[in-house]
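Just below is one structure, and these are the notes that go with it.
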Amino acid sequence: MRLLRATVFGLIALFPGIIVALGAYLLLGGDTESNDWENWMYGPCYGIPAAFVIIAFTSGLREDREV
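Straight run, no breaks: the sequence shown in the numbering used here ends on number 97.
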């Protein structure tokens with residue numbers, strides 16, 4: 031059950047991660063009409079969505095605690 035929950039959390043977290051990555055890309059000066067790839071784009075384009083997915087996946091793997 032924990033693995034399924036973690037997978038669902040990771041998949042759902044991908045969408046806000048992409049939106050935040052797009053905002054970061056534009057704030058860092060990315061051109062929306064250019065097709066040229068530059069090295070600084072790895073952070074916003076891959077790093078931010080990956081961080082969202084990893085954090086959500088690990089939080090989904092945590093054990094439920096009784097209150």
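Backbone N, C-alpha and C define an ideal beta-carbon position, used for all residues, glycine too.
Given a cut-off of 7 angstroms, decide if residue j and residue i are closer than it, judged by their beta-carbon atoms.
i	j	result
residue 43	residue 74	no
residue 54	residue 91	no
Residues in the same chain with beta-carbon distance under 7 angstroms from residue i, minus the five sequence neighbours each way, listed in chain order, please.
i	result
residue 83	40, 43, 44, 47
Once the 5 residues before and after residue i are set aside, which same chain residues still bring their CB inside 8 angstroms of it?
i	result
residue 93	32
residue 81	47
Kindly indicate which three-state DSSP category residue i falls into: helix, strand or coil?
i	result
residue 92	coil
residue 60	coil
residue 69	helix
By the DSSP assignment, the alpha helix (DSSP H) with residue i in it spans what residues?
i	result
residue 37	32-57
Does the beta-carbon of residue i have 16 or more other beta-carbons within 10 angstroms, so that it is buried, or is it exposed?
i	result
residue 78	buried
Ignore the nearest five residues each way along the sequence and tell me which others in residue i's own chain have a CB closer than 6 angstroms to its CB.
i	result
residue 86	39, 40, 43
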